[in-house]
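Chains as they are written, first to last, in my numbering: chain L, 4 to 215; chain G, 4 to 215; chain P, 4 to 215; chain U, 4 to 215; chain H, 4 to 215; chain D, 4 to 215; chain E, 4 to 215; chain Z, 4 to 215. C-beta atoms are modelled at their ideal positions from N, C-alpha and C, and glycine is treated no differently. To keep things clear, I will list the structure first and then write my remarks on it.
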């Protein structure tokens, strides 16, 4: 009985869908995480590791990533494209999720521009920031708590908006469920949503748009 | 064994808390509903019946209410106060809930002013309607679907805001749960919330404020 | 006290975001629904009505829509664009949701092509249908029950995929919740999701991509 | 790619709504928390920090707050108003939430008076405490477990009552969900509710009433 | 293949536990319901049918029950015991559940006394009704909405209290879930709870106590 | 735009997995249901239609099924195998689900034997029925309400047990969720579970075992 | 502003309901816990502290309790009554909950007899233990995981049965929710249920029965 | 009062159902866990301990298990049968659950073969691994996140498939609930499911099949 199988990597995924397999580190041992990254470095043009634990972090930094965020790293960035993505969020607390999205986009060659502190409790801040969205090819809107930011934004601009609910908040925000439901039920047309805290997924959804 | 007890009414409630007992008709037989209203007419200065079913409606109309809404009626209005309440909602679909709140307020002597079609997907409509809120002593904000209206409003004005989630919507709005959670988790300070579709409760919460 | 406010329409929305306000008929009276459509016909280049009830349907058909689906209608189609969208679904049961998406896309000028009966329980059917996706600018993937279709598809193609969970199913599919959660938790990168049964929202999300 | 944006503060919020932006510390780094407080001290008449972690606490105390509670601090109190608020709770376990409400009220200039140990399992205690409510302009009722306190109180007095469900309890209290639902479904008229453990929000809701 | 198996009745149950098998009619055809009752009439000392549908009702009445309630009937009452049970509820809306409990108790020989209109929003009504509880051997407390009645009662008397949450209410009462959770999380000691709307179960729980 | 796509049938499924595609009628129009059955009759050795609505039933009966149950029909039965399956359930209310399982098994050639009225509230009935299980090759255990039957059975026999939770029950049985959770959390080893009310799925799970 | 109110104890509770106020330690500081116990020791005939944390434990042991369990202690036991209670559970994992019930009963003067390892996966063990129940005046049935034990037991004996769901289990037992729902939906008549892990509440429910 | 009852073991279980009682260690003290294992070693042909904590692990290793996995151990393996089971999973993160299943199967004498890295996001990997399933007598399919693996597999092979949802994932995977619901609602026929993370249960379900 063998209980430690080798890693089989989906090396042809990039050819099929234009996106490499990322390494979700959270449920891996330190060895599994570094092993997966090392394996991908040989066979892929860019490598992204997400949800890195504090225990895994030093070992992965030793592999010399080019981008280091709160819990995301990337190696072997793709050459820059002409595309730019606006990452909008209400507060500083969403940084780990925004990092994950920004690093993924950068690794895939796109420019990621952060627009922060534009919560809907002061809607004028969002309105005065509208010029910053003008040159964006797509928008990632990150919000916890009541998650209303993408709804208000979607009534103001016609660009693609990918919404990311975050687990930031307490009590009645139910670890992101409230923000998720708000985004899914939005009265503003055309918001689409990824899973709670899934900055990587939002970046990939945008990449699908940008690589057309 | 007696299975049809007479109705005991809490006739002193008005003296204690300044609000009469309303008749929640939904779970009563036609006879129980008309009996409760008749009983209250003798002993109370104002009488409100809510969630009237289509079966109960003709019999209650025969009791000559002074106010008739979608599923709410009132008899023996209190003399007018100097107070005015703004009832704000995003769409026409929330009418039954708004009716319930407006009729309750009117029965209690307050002026109820409706401000509609100010959904957050067109936030400028809300902003241009701000002068209409100026003379209001309090605001009831009614919203279904994603329920973001009270949040945006609470960032714009400093008046008391009672939020009412409604069961309007489908799919991911989960019969008002999404709007309820949004309102409870609002990033804007000082919104308080009543139960789903509870227009009567919102009016009473405002009445508690206005009778101080 | 006025309890029947006139309709205020957000006539400038198209200018801001390139999409008109649709009429969600489900929670409106017959008069409110026809009134809203009539009002929009004068002021908008295209008009879409969704979730039309059987009671509303004849009155709305009398307004001579150009497209009629299970519970969706459209008037005044926009001139055709060069864009094409693939609508993929597993069964015939999802037709009302697919209709809503297809009619919305067509009203906005895009070509909507249906690819059906490609459920993941016979994955070869999906694989043999891949050439049909080649000329699509984006994909809307509609699925009820376990909702795995978008996940398998997202591992095969790199185009934008908007997933729509439907309430088709019984028992453990919990009226679309299971499909929704599956789509949000997908192990395939870059799927984004709209609310349960929200074909209109999916079409708008695609329109945001196509109008860039 | 910049992943550490500066803080943008909504300095005009006080002018608009009469309440300053509070600093929700829980999801901030120590530096972000102290930075936010410092920034607000320069631009606001009063500053409140909530949900301070034990790691952040010493650094924030070094900024010399005038009020220190279990996990709340305040700087630069507003001048006293003539208003008084009763904070009623059933047990000592709700202290962190009651602290958050009391400190927020005090920072805003109002008097906060605590009435404790008046649980509904000994309803006579609540009844004998009624005189303590007489001079209150509003009431904040805090309860965990089954959350029945605001319901009983609302049948006894006619003042504004803001209910705060707390996560105190275990098992079937589901971290505050039971108390929340109880408060939202109350058979007593006119209770309005804020999110679980949201003492700050309750204080702001009361402040909206008192500043009229 | 036989798809219509005969009914096997648990005729010895009364001997083992002192309670006969009741006929839960809701999910049975008319023939299955009358067949089950007829079968039990031959073999049991008392027979109880619950949740009778309007379609089944005439056929079951034709079997000449001795007790007929909203949706409960009983045949062949047991001889009276000396025991008395108080059935307390807040409103007339809980009548079907209270009927089910009262008829079950009566069929088992106990006296069922109804105490109604003692909602916790007017706690003095409950206090003034306390003498009515004095001769009761046990109490069944029935409540919908926020379900606080058993909690307040349990702080006033030391008798056995079986609480029954009902699905009466709307919106945030979630068809009895709120009342159920309230009763399970009660801060008053020694309440035990049966399932939502389960008046029959409450009566049996009391019967277990009384037959000791 | 074509909104009525033809049906694509997965005609090779039987070759791959030994089970034909069934027709889930509930969400189909009458024409779609009869069309699907007719299409399968030409290309498959056996045809099963499940969750037939009362509207569809006469049209499907006109296609002369060989087996007719509450809401299930089958055409073109497979030749008998030597295998026998015990279908055990507690009450007559589970008949539609048991029918669905029994008809599916019979269509696939296996013998389906029903064992009813063996609820766990009279555990001796189950124990005395044990000889009836002796010649079964597998067991399908169907239960609603608290769903404990498979657990008790799994402690008594070592045969494969597929458990089916049903939506029979009310209140706290939450339309099958309680029975589902009970079966998934069983303290008896080796029960596996299918979706709520999914008699067809249970029969197929057993068929996978029997065709080995 | 006083944020540390003194403790008000409900010293007359014992007179009213025959049960003293217990000290729920979990959400108290060490000082609050010892203070509450000390206060009760002066004014009550027996004192019970539940859900004692490991930090509080030594300080409370210093107060010389007469009974010490996993996380429960009692001081000043009441004189023995002639009553005996059977505490039945399936495994050793439920010990903390069983301890809480047993110590509470003992403090109130009753005899608590433990019957363990009688899980329903080996139903013969429960049947062979039936004589041990014969002299019990009431039964407390404790179960985690699928929670079927009280159902099987209630079909075998006619004594009062109070069921306690525990949070023992993992995955699909959802921290006691599955066991709770099972117990509430039991097909066996007359089980009543207390909150998850609430051994104290179960003992008090039994005490209400025994003190009649 | 005795609060530490001895362990009663169900030593005849193997005779009845062919599977020994396993020791679920998670909720036991170190002494209880080692005591239970030691007790079983004397009376059973094979012994399995699951969900071993890091604290218990060294003491249990001292008892010299023949198989040691992430949190599972086994002693006294049964003689090999001729049966083989395929354990298929998408990633390395599911190792603890797969270990539990593999060790249980091995202890019961069956061969457990692991097939990993066959996630549905690269469906060709699963298709190219199909020959590895050919000699399996049954399949255990383990998946977290969206849990689609068993569905795709069930459309490709006709063997018995037991699906195990795992708690691997974050955010919208809700600790295994999403995968569980997906598996229960599968559009592919004949998947049956065990509880979240219940590798032991899956192995026992397979053993029931194999021992026929």
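Asked: Quick one: which chain E residues come within Cβ less than 9 Å of residue 35 of chain Z?; Found: 95, 96 and 98
Asked: Shortest alpha-carbon distance to residue 198 of chain L belongs to which of L:192, L:191, L:189 and L:208?; Found: L:208
Asked: Return the chain-ordered list of same chain residues with a C-beta closer than 6 Å to the C-beta of residue 146 of chain G, the five sequence neighbours on each side being excluded.; Found: 93, 152 and 182
Asked: Quick test of your reading: residue 72 of chain U and residue 120 of chain U, contact by CB under 8 Å. State the CB separation rounded to the nearest angstrom.; Found: Actually they are not in contact, since the Cβ atoms of residue 72 of chain U and residue 120 of chain U sit about 19 Å apart, beyond 8 Å.
Asked: Helix, strand or coil, according to DSSP, for residue 83 of chain H in the structure here?; Found: coil
Asked: Within 8 Å (strictly less), CB to CB, does residue 211 of chain E reach chain U?; Found: no
Asked: Using Cβ-Cβ distances below 8 Å, what residues of the stretch 134 to 165 of chain H are close to chain D?; Found: none
Asked: What number of angstroms, rounded off, separates the C-alpha of residue 154 of chain Z from the C-alpha of residue 195 of chain Z?; Found: 11 Å
Asked: Under 8 Å between C-beta atoms, does residue 5 of chain P make it to chain Z?; Found: Bear in mind that the predicted position of residue 5 of chain P carries a pLDDT of just 34, short of 50, making it unreliable; the figure below should be weighed with that in mind. Taking Cβ atoms only, chain Z never reaches closer than 8 Å to residue 5 of chain P, which makes this a no.
Asked: For residue 204 of chain Z and chain D, any beta-carbon pair shorter than 8 Å?; Found: yes
Asked: Measuring straight from C-alpha to C-alpha, what distance separates residue 117 of chain H and residue 34 of chain G?; Found: 20 Å
Asked: Under 8 Å, with one C-beta from each stretch per pair, do the stretch 81 to 91 of chain E and the stretch 61 to 68 of chain E reach the 3-pair mark?; Found: no
Asked: Could you say which of U:29, U:70, U:97 and U:171 lies nearest to residue 143 of chain U if we only look at CA atoms?; Found: U:97
Asked: Going by other Cβ atoms of all chains shown within 10 Å of its Cβ, with 16 needed for buried, is residue 133 of chain E buried or exposed?; Found: exposed
Asked: Do residue 109 of chain P and residue 70 of chain P come within 8 Å of each other at the CB atom, strictly closer than that value?; Found: yes
Asked: Give a yes or no on whether the minimum CB-CB distance between residue 175 of chain Z and chain L is below 8 Å.; Found: yes
Asked: Which chain Z residues sit within Cβ distance under 7 Å of residue 171 of chain E?; Found: 30
Asked: Using DSSP with H/G/I as helix, E/B as strand and the rest coil, what is residue 92 of chain Z?; Found: strand
Asked: Can you list the beta strand (DSSP E) stretches of 3 or more residues lying completely in the stretch 109 to 182 of chain Z, in chain order?; Found: 114 to 118, 141 to 146 and 164 to 168
Asked: Show which residues of chain Z have a CB atom less than 8 Å away from the CB atom of residue 188 of chain D.; Found: 198
Asked: What separation, rounded to the nearest whole angstrom, lies between the Cα atoms of residue 10 of chain L and residue 26 of chain L?; Found: Any answer about residue 10 of chain L is weak, because its pLDDT of 47 lies below 50 and its placement is not dependable; what the coordinates show is given next. Their Cα atoms are separated by approximately 12 Å.
Asked: Just reading off the alpha helix (DSSP H) that residue 205 of chain E is part of, what are its end residues?; Found: 202 to 213
Asked: Would you grab the beta carbon distance between residue 167 of chain P and residue 205 of chain P for me? Rounded to a whole angstrom, and I think it's under 8 Å.; Found: 5 Å
Asked: Within the 8 Å Cβ cut-off, does residue 125 of chain D reach chain H?; Found: yes
Asked: How would you list, in chain order, the residues of chain U whose beta-carbon sits under 7 Å from the beta-carbon of residue 191 of chain H?; Found: 124
Asked: At a Cβ cut of 9 Å, what residues of the stretch 35 to 63 of chain L count as close to chain P, listed as they run along the chain?; Found: none
Asked: Can you pull the chain Z neighbours of residue 185 of chain P, defined as C-beta to C-beta under 8 Å?; Found: 149, 150, 151, 181, 184 and 185
Asked: Determine the burial state of residue 5 of chain H: buried for a count of at least 16 other Cβ atoms within 10 Å of its Cβ, exposed for fewer.; Found: In this prediction, residue 5 of chain H has a pLDDT of 34, which is less than 50 and means its spatial position is unreliable; what the coordinates show is noted afterwards. Exposed, since its Cβ has fewer than 16 Cβ neighbours within 10 Å.
Asked: How long is the line joining the alpha carbons of residue 79 of chain E and residue 52 of chain U, rounded to whole angstroms?; Found: 45 Å
Asked: Output needed for residue 21 of chain Z: all residues of its chain with C-beta closer than 6 Å, excluding positions within five of it in sequence on either side, in chain order.; Found: 214
Asked: Taking CB distances under 8 Å as the criterion, tell me whether residue 112 of chain H reaches chain E.; Found: no
Asked: Suppose you measure from the CA of residue 158 of chain E to the CA of residue 129 of chain Z; what does that come to, to the nearest Å?; Found: 49 Å
Asked: Going by DSSP, what residue range makes up the beta strand (DSSP E) through residue 50 of chain G?; Found: 50 to 53
Asked: DSSP state of residue 195 of chain L, grouped into three classes?; Found: strand
Asked: I need the boundaries of the beta strand (DSSP E) containing residue 25 of chain P, first residue and last residue.; Found: Segment: none, residue 25 of chain P is in no beta strand (DSSP E) and carries neither H nor E.
Asked: For residue 49 of chain Z and residue 111 of chain Z, which I take to be in contact (beta-carbon distance under 8 Å), what is that distance rounded to the nearest angstrom?; Found: 7 Å
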